[in-house]
Amino acid sequence: MYMLTNDGAVATATAPDMCNTPSPAGPVPMPYPNIADTSMADPGGLVAKVLVMGMPAMNVMSKVTVSNGDQAGAAGGLVSGRIMGEMTFLNASTCVMVGGKPAVRVTCLTGHNGAPQNTVGMVSAPGQTKVLVLR
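So the sequence shown is numbered by my numbering: it starts at 840 and just counts up by one.
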């Protein structure tokens, strides 16, 4: 699978992001999509000394600071109590290390909206299509 960098790979929640949505009768739980883009990654979590196609590489400790799609659930997620929270990686390569930590790639599992995560997902679209991490 393609190695992840800070160039716009997309992680999509595979289960609905259940958030409390304000209504006249009080908060109502509703499902929303949740999408995170690696171009919004925390610069402190990028591996600046490893460039892939000219962009900093990412490892399992990298975090995307903002996820989108659940803004209408302004009363917060059912589990995390947050909306537009950070996305973290839940798994990574078992063989390839980047910056001393396992490299992340397309199909890695992700947690959305902070800890505890409100929903889980996976990286579904690569940002670059040249460098592969196979295991």
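We put the beta carbon where it would ideally sit given N, CA and C, even for glycine.
Nearest to residue i (by Cα), restricted to the options the options
i	options	result
residue 924	971, 846, 880, 966	880
residue 852	846, 882, 918, 951	951
residue 938	871, 926, 895, 868	895
residue 903	870, 843, 871	843
Distance CB(residue i)-CB(residue j) smaller than 7 Å
i	j	result
residue 958	residue 854	yes
residue 966	residue 848	yes
For residue j and residue i, the rounded distance between their alpha carbons
i	j	result
residue 901	residue 909	22 Å
residue 891	residue 970	7 Å
residue 899	residue 954	15 Å
Nonlocal neighbours in the same chain, by C-beta distance under 6 Å from residue i, ignoring five residues either side
i	result
residue 935	942, 972
Own chain, CB closer than 8 Å to residue i, minus 5 neighbours either side, in chain order
i	result
residue 915	858, 859, 921, 922
residue 961	850, 851, 853, 946, 947, 948, 949
residue 872	851, 852, 855, 856, 908, 909
Enclosing beta strand (DSSP E) for residue i [first to last residue]
i	result
residue 963	958-964
residue 871	867-871
residue 922	Counting along the chain, residue 922 falls outside any beta strand (DSSP E), and DSSP gives it neither H nor E.
residue 887	885-891
residue 895	894-897
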